[in-house]
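Novice: One structure coming up, written as C-alpha cells, with questions to follow.
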Amino acid sequence: MSPTITCAWSIAIRSSRNSPTAPIDVTHNRGKGYAGGRLHEHFLHSGKLVLMGFVVAISTGVPLGMLMGGSRRAEAAVSPVFLLLRPIPPLAWIPLAIVWLGLGDAAKVLVIWFAAFVPAVINSYAGVRSIDAHLIEAARSLGVKRTMLIREVLFPGALPLVFTGLRLALQACWTTLVAGELIGAIVGLGHVLYQAGLDLFPAMIVVGMAGVAIAGGMMTRALEWLESRAIPWRAP
80 MSPTITCAWS IAIRSSRNSP TAPIDVTHNR GKGYAGGRLH EHFLHSGKLV LMGFVVAIST
140 GVPLGMLMGG SRRAEAAVSP VFLLLRPIPP LAWIPLAIVW LGLGDAAKVL VIWFAAFVPA
200 VINSYAGVRS IDAHLIEAAR SLGVKRTMLI REVLFPGALP LVFTGLRLAL QACWTTLVAG
260 ELIGAIVGLG HVLYQAGLDL FPAMIVVGMA GVAIAGGMMT RALEWLESRA IPWRAP
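Shown next as C-alpha cells:
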C-alpha cells in the first residue's frame with residue numbers, strides 16, 4: 080500500500096469521531112483464513128473465474144465484431160440479435176445462469192463472459208470500421224486476397240480499438256464477478272465481502288476490496304504489456 084495513502088488514512092482515523100477501519104487492522108487480517116478458506120485461495124479462485132470468462136469472451140467477441148465490421152451481410156444478420164441483447168445488464172443473467180447451470184463456477188463464468196463479450200464485439204467492430212477505406216481499396220487494387228487483407232490490413236488496423244475493448248471487458252469481468260459471488264458462492268473475493276458484511280467486519284471488507292483492486296491491477300498491467308508487444312508502432 081502506498082505510504083502516502085496509509086498516512087492520510089491514519090490521520091483521517093485519528094481525527095474522526097467514529098471508529099473506521101485502521102490500516103493496521105487491515106494488515107493484521109490480510110493473511111488470515113476467512114469465509115471457508117485462506118485469503119490467497121479466494122484471490123486465486125476469483126482470478127481463475129475472471130480469466131476463464133475473459134478468454135472465452137475475447138475468443139468469441141473479437142472475431143464476431145471484426146466479422147460484422149468487415150462484412151455487410153454478417154452485420155445485417157447478427158446486428159439485430161446483438162442490439163436486442165446489448166442493453167441487458169450482465170447481472171440480469173445471474174438468475175437464468177443459476178437455473179441453467181446451478182450455483183457452481185459455470186454459471187459465474189457464463190455471466191462474466193456476457194459482461195466482457197459486449198465491449199469486445201463493439202470495439203472490434205468499431206476498430207475495423209475506423210480503418211481508412213482508401214487503404215482497403217489500395218490493397219484490393221494490388222490483387223491482395225481476402226485472407227491476406229484481413230491479416231495485413233484489417234487486423235493490425237483494428238488492434239488499437241480492440242485493445243480498448245479488452246480493457247473495458249476486463250473491468251466488466253471483475254465488476255460482474257464480485258456481484259455474482261455475492262449470491263450462492265462459497266469461495267471467492269465476492270464471498271469474502273458478503274460474509275464480512277454479514278459479520279460487520281470492516282477490516283476484512285477492506286481486505287476483500289484490496290484483493291479485487293490488486294488482482295484487477297495485475298491483469299490490467301499484463302494486458303498493457305501484451306498491447307505494447309502487439310502494437311509496437313503505437314505511441315505510448
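Counting in the numbering used here, the sequence shown runs from 80 upward without gaps. Ideal Cβ positions, reconstructed from N, Cα and C, are used throughout, including at glycine.
(1) Please list the segments of the alpha helix (DSSP H) lying wholly inside the segment 191 to 256, counting only runs of 4 or more residues, in order along the chain.
(2) Closest to Val286 by C-alpha separation, out of Ala301, Met298 and Leu268, would be which residue?
(3) Mapping the DSSP letters down to three states, classify Arg117 as helix, strand or coil.
(4) For the structure I just gave you, are there three or more beta carbon pairs, one from the segment 150 to 159 and one from the segment 230 to 247, closer than 8 Å?
(5) Buried or exposed: Thr226, going by 16 or more other Cβ atoms within 10 Å of its Cβ?
(6) Would you kindly report the start and end of the unbroken alpha helix (DSSP H) that includes Gly183?
(7) Measure the CB-CB distance between Trp192 and Ala136 and report whether it falls below 8 Å.
(8) Between which two residues does the alpha helix (DSSP H) holding Ile316 run?
(9) Leu233 to Ala248, Cα distance in whole Å?
(10) Taking the beta carbon of Lys127 as the centre, do at least 16 other beta carbons fall within 10 Å, making it buried, or is it exposed?
(11) Alpha carbon to alpha carbon, how far is Ala309 from Leu302? Give it in angstroms, no decimals.
(12) For His119, is the classification buried or exposed, using 16 other Cβ atoms within 10 angstroms of its Cβ as the cut-off for buried?
Specialist: By the coordinates alone:
(1) 212 to 220 and 225 to 228
(2) Working through the sequence shown from its first residue, we reach residue 286 at position 207. The option with the nearest alpha carbon to Val286 is Leu268.
(3) For the purposes of this step, residue 117 is taken as residue 38 along the sequence shown, with counting starting at 1. It is a strand residue.
(4) no
(5) Translated into positions along the sequence shown, residue 226 becomes position 147. By the neighbour-count criterion, in which a residue is buried when 16 or more other Cβ atoms sit within 10 angstroms of its Cβ, Thr226 is exposed.
(6) Along the sequence shown, one-based indexing puts residue 183 at 104. Per DSSP, Gly183 belongs to no alpha helix (DSSP H) and is neither H nor E.
(7) Translated into positions along the sequence shown, residue 192 becomes position 113. Translated into positions along the sequence shown, residue 136 becomes position 57. With contacts defined as CB atoms closer than 8 Å, Trp192 and Ala136 qualify as a contacting pair.
(8) In this structure the chain extends from 80 to 315, so residue 316 is not present and cannot be described.
(9) Indexing the sequence shown from 1 puts residue 233 at position 154. Indexing the sequence shown from 1 puts residue 248 at position 169. Computed Cα separation, rounded: 21 Å.
(10) What you label residue 127 is simply residue 48 of the sequence shown in a count that begins at 1. Exposed.
(11) Position 223 of the sequence shown, counted from the first residue, corresponds to residue 302. Position 230 of the sequence shown, counted from the first residue, corresponds to residue 309. Cα to Cα, Leu302 sits roughly 10 Å from Ala309.
(12) Here residue 119 refers to the residue found at position 40 of the sequence shown. It is exposed - the Cβ of His119 has fewer than 16 other Cβ atoms within 10 Å.
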